[in-house]
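Engineer:
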Amino acid sequence: MAKNESKNAVSPLERTSRLLDLVPYINTHQGISLVELAEVFEVSTDQMISDLTTLWMCGLPGYTPLELMDLDFESGYVTIRNAPTLARPRSITHEEGVALVLGLDVLRSGISSERIDLIEAIASLSQRIARLVNLPLALSASSNISQEVTTSVKDAIAHRSGLQISYHSLYKDEISSRVILPLEILDSQGYLYLHAYCFTALDFRHFRIDRIQSAHSVEVEKPSTALPVNPEKIGFSVKVVRPTRDVAERFEESNLDAGTVFKGSSFSQHWIARSILASGGAVELLSPADIRSELAKRAELILNRYEG
Numbered sequence: 001m002a003k004n005e006s007k008n009a010v011s012p013l014e015r016t017s018r019l020l021d022l023v024p025y026i027n028t029h030q031g032i033s034l035v036e037l038a039e040v041f042e043v044s045t046d047q048m049i050s051d052l053t054t055l056w057m058c059g060l061p062g063y064t065p066l067e068l069m070d071l072d073f074e075s076g077y078v079t080i081r082n083a084p085t086l087a088r089p090r091s092i093t094h095e096e097g098v099a100l101v102l103g104l105d106v107l108r109s110g111i112s113s114e115r116i117d118l119i120e121a122i123a124s125l126s127q128r129i130a131r132l133v134n135l136p137l138a139l140s141a142s143s144n145i146s147q148e149v150t151t152s153v154k155d156a157i158a159h160r161s162g163l164q165i166s167y168h169s170l171y172k173d174e175i176s177s178r179v180i181l182p183l184e185i186l187d188s189q190g191y192l193y194l195h196a197y198c199f200t201a202l203d204f205r206h207f208r209i210d211r212i213q214s215a216h217s218v219e220v221e222k223p224s225t226a227l228p229v230n231p232e233k234i235g236f237s238v239k240v241v242r243p244t245r246d247v248a249e250r251f252e253e254s255n256l257d258a259g260t261v262f263k264g265s266s267f268s269q270h271w272i273a274r275s276i277l278a279s280g281g282a283v284e285l286l287s288p289a290d291i292r293s294e295l296a297k298r299a300e301l302i303l304n305r306y307e308g
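With this note's numbering as the guide, the letters of the sequence shown map in order to residues 1 to 308.
(1) Closer than 7 Å by C-beta to residue 276: which residues in its own chain qualify, once you throw out the five before and the five after it? Chain order, please.
(2) Taking just the CA atoms, how far does residue 244 sit from residue 281?
(3) Please report the distance separating the alpha-carbon of residue 301 from that of residue 271.
(4) On the criterion of 16 or more Cβ atoms from any shown chain inside 10 Å, does residue 47 qualify as buried, or is it exposed?
(5) How far does the alpha helix (DSSP H) with residue 208 in it extend, from its first residue to its last?
(6) Mind checking which residues open and close the alpha helix (DSSP H) that includes residue 270?
(7) Is the Cβ-Cβ distance between residue 259 and residue 239 less than 9 Å?
(8) By the DSSP assignment, the alpha helix (DSSP H) with residue 159 in it spans what residues?
(9) So, residue 220 versus residue 179, is the Cβ gap smaller than 9 Å?
(10) For residue 72, which of helix, strand or coil comes out of DSSP?
(11) Once you ignore the five residues that flank residue 122 on each side, which residues in its own chain have a CB closer than 7 Å to its CB?
(12) For my contact list, residue 214 and residue 157 are in at a C-beta cut-off of 8 Å; report their separation, rounded to the angstrom.
(13) For residue 26, which three-state DSSP category applies?
(14) Would you identify the three-state DSSP class for residue 242, choosing helix, strand or coil?
(15) Run the CB neighbour count on residue 325, radius 10 Å, all protein chains shown included, and call it buried at 16 or more, exposed below.
(16) Only counting the same chain, and skipping five residues up and downstream in sequence, which positions put a Cβ closer than 7 Å to that of residue 289?
(17) Using beta-carbon positions only, say whether residue 204 and residue 216 come within less than 9 Å of one another.
(18) By the DSSP assignment, the alpha helix (DSSP H) with residue 46 in it spans what residues?
(19) Have a look at the DSSP bridge pairing and note the partners of residue 306.
(20) Report the rounded CA-to-CA distance for residue 16 versus residue 51, giving the unit in angstroms.
(21) Indicate the three-state DSSP secondary structure (helix, strand or coil) for residue 16 in the structure shown.
(22) Should residue 167 and residue 176 be called a contact, given that it needs their Cβ atoms to be closer than 9 Å?
(23) When we look at the beta-carbon of residue 256 and count the other beta-carbons within 10 Å, is it buried (16 or more) or exposed?
(24) Should residue 193 be labelled buried (16 or more other beta-carbon atoms within 10 Å of its own) or exposed?
(25) Any idea which residues DSSP pairs residue 182 with across the strands?
(26) Within a Cβ cutoff of 7 Å, which residues of the same chain sit near residue 241, ignoring the five residues on either side of it in sequence?
(27) Go through its chain and collect everything with a Cβ distance to residue 126's Cβ below 6 Å, but skip five positions before and after it.
(28) Grab the span of the alpha helix (DSSP H) containing residue 78 for me, first residue to last.
(29) Could you tell me whether the Cβ atoms of residue 188 and residue 236 are closer together than 9 Å?
(30) Considering Cα atoms alone, identify which of 159, 22 and 248 is closest to residue 78.
(31) Roughly how many angstroms separate the alpha carbons of residue 228 and residue 208, rounded to a whole number?
(32) Using the DSSP secondary-structure output, state which residues sit across from residue 174 in a beta bridge.
(33) Taking the straight line between their C-alpha atoms, what separation do you get for residue 57 and residue 76?
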């Protein structure tokens, strides 16, 4: 039993591959016994029944009994009656063409540049689909993040080395050159950020990776005592005053209720302060005391300006 359970504990992709192979195999082996079919695909009989039940609910768009697979396996023998109908070529709608081209583009972006054969095959298929549904070839779903930049950033983090980057600041609308010590990559609200110490600003900064136009390894001086080689994260404690989606996403916390207290950490004291202020009174910083005190001073200053 343990052996079968181990064999059947496959990934969704493996099971999908098996399901796709099942239809043509059954079509050419009509009336095959359920036991024999399970042996051919090296799964248990129970798993094969589960696969066939899944196929039972698959078919062509419309998904009425006329389009679903007409399978019969309750007698212990498996047959499929409408495989030829399902195999007929069908027209691709404009929406389906868009989805296919974008999906192929995402697939291409994740393939190594060394696999030229796969890249060319995907490009050829994309062009064929685009011509069929009159799509512009410029349609793309690929990320704007440079693969070279990503590689340089990850290498720098792994080796604790410096980088010289060319960075486009959206707020100032200018491109600046900075020398940084990358620390970690963060994912926030659908964007990737690089948390790093900036030797130009002499402080910790967050850089959106898709705005880094180039990154090259450089020698950096050993950080002073104010910046240890392996900087420690600053722990903080936050109390939820008013649970909001914004708070959940900003602090990557779920199932928040009023009064909930959660803990987090960050390399940047400024990030902690900005995050609390940006939450607009929905949270209260309990610790560290020095950041809490600084926030109280900022809040008082802001209130005084309103009164003035």
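Glycine included, C-beta positions come from ideal geometry on N, C-alpha and C. If you're wondering where the values come from, they're calculated on a predicted model, not measured in any experiment.
Structural biologist: So, to answer that:
(1) The count along the sequence shown starts at 1 and reaches residue 276 at position 276. Contacts found: 283, 285 and 295.
(2) Sequence index remark: in the sequence shown, residue 281 carries index 281 (1-based). Sequence index remark: in the sequence shown, residue 244 carries index 244 (1-based). Whole-angstrom Cα-Cα distance: 11 Å.
(3) On the sequence shown, position 301 is the one that residue 301 refers to. On the sequence shown, position 271 is the one that residue 271 refers to. Computed Cα separation, rounded: 19 Å.
(4) Along the sequence shown, one-based indexing puts residue 47 at 47. Classification for residue 47: buried.
(5) Here the question's residue 208 lines up with position 208 in the sequence shown. Where residue 208 is concerned, there is no enclosing alpha helix (DSSP H), although the beta strand (DSSP E) it sits in stretches over 203-208.
(6) Start at 1 with the first residue of the sequence shown, and residue 270 comes out as number 270. Residue 270 -> alpha helix (DSSP H) spans 269-278.
(7) In the sequence shown, counting from the first residue as 1, residue 259 sits at position 259. In the sequence shown, counting from the first residue as 1, residue 239 sits at position 239. In contact: residue 259 and residue 239 (Cβ atoms closer than 9 Å).
(8) Here residue 159 refers to the residue found at position 159 when the sequence shown is read from its first residue. Here the alpha helix (DSSP H) through residue 159 covers 147-159.
(9) The count along the sequence shown starts at 1 and reaches residue 220 at position 220. The count along the sequence shown starts at 1 and reaches residue 179 at position 179. With contacts defined by Cβ atoms closer than 9 Å, residue 220 and residue 179 form a contacting pair.
(10) Residue 72 sits at position 72 when you count from the first residue of the sequence shown. Three-state DSSP puts residue 72 in a strand.
(11) Taking the first residue of the sequence shown as 1, we reach residue 122 at position 122. Answer for residue 122: 104, 107 and 108, listed in chain order.
(12) Here residue 214 is taken as the residue at index 214 of the sequence shown, counted from 1. Here residue 157 is taken as the residue at index 157 of the sequence shown, counted from 1. Residue 214 to residue 157, Cβ: 17 Å. No contact.
(13) As a working mapping, residue 26 is identified with position 26 in the sequence shown. Note: residue 26 maps to helix in three-state DSSP.
(14) Position 242 of the sequence shown, counted from the first residue, corresponds to residue 242. It is coil, neither helix nor strand.
(15) The shown model of the chain, from 1 to 308, leaves out residue 325, and the question about it has no answer.
(16) Residue mapping note: residue 289 aligns to position 289 of the sequence shown, counting from 1. Result list for residue 289: empty, nothing under 7 Å.
(17) Numbered from its first residue, the sequence shown carries residue 204 at position 204. Numbered from its first residue, the sequence shown carries residue 216 at position 216. No, the pair does not count as a contact, with Cβ atoms beyond the cut-off.
(18) Translated into positions along the sequence shown, residue 46 becomes position 46. It spans 45-56 - the alpha helix (DSSP H) in which residue 46 sits, taken as one unbroken run.
(19) To locate residue 306, count along the sequence shown from 1; it is residue 306. Paired residue(s): none; residue 306 is not in a bridge.
(20) Sequence index remark: in the sequence shown, residue 16 carries index 16 (1-based). Sequence index remark: in the sequence shown, residue 51 carries index 51 (1-based). When rounded, the distance between both Cα atoms is 9 Å.
(21) Against the sequence shown, residue 16 aligns to sequence position 16. Of the three classes helix, strand and coil, the one that applies to residue 16 here is helix, per DSSP.
(22) Mapped onto the sequence shown, residue 167 falls at position 167. Mapped onto the sequence shown, residue 176 falls at position 176. It is a contact, given that the beta carbons lie within the stated cut-off.
(23) Position 256 of the sequence shown, counted from the start, is the residue given in the question as residue 256. Buried, since its Cβ has 16 or more Cβ neighbours within 10 Å.
(24) One-based indexing of the sequence shown puts residue 193 at position 193. By the beta-carbon neighbour count (other beta carbons within 10 angstroms, threshold 16), residue 193 is buried.
(25) For the purposes of this step, residue 182 is identified with residue 182 of the sequence shown, where counting begins at 1. Residue pairing of residue 182 in beta bridges, as defined by DSSP: 196.
(26) The residue labelled residue 241 in the question sits at position 241 within the sequence shown. Taken in chain order, the residues that qualify are 258, 281, 282, 283 and 284.
(27) The count along the sequence shown starts at 1 and reaches residue 126 at position 126. 101 and 104.
(28) For the purposes of this step, residue 78 is taken as the residue at position 78 of the sequence shown. Unbroken run through residue 78 is the beta strand (DSSP E), 77-80; no alpha helix (DSSP H).
(29) For the purposes of this step, residue 188 is taken as residue 188 along the sequence shown, with counting starting at 1. For the purposes of this step, residue 236 is taken as residue 236 along the sequence shown, with counting starting at 1. Their beta carbons are not under 9 Å apart, which means residue 188 does not touch residue 236 by this criterion.
(30) Here residue 78 refers to the residue found at position 78 of the sequence shown. Considering only alpha carbons, the answer is 22.
(31) Translated into the one-based positions of the sequence shown, residue 228 becomes position 228. Translated into the one-based positions of the sequence shown, residue 208 becomes position 208. The pLDDT assigned to residue 228 is 44, lower than 50, so where the model puts this residue is not dependable, and the model offers no usable value.
(32) One-based indexing of the sequence shown puts residue 174 at position 174. For residue 174, which the question treats as bridged, DSSP gives the partners 169.
(33) In the sequence shown, counting from the first residue as 1, residue 57 sits at position 57. In the sequence shown, counting from the first residue as 1, residue 76 sits at position 76. Taking the straight line from one Cα to the other gives about 19 Å.
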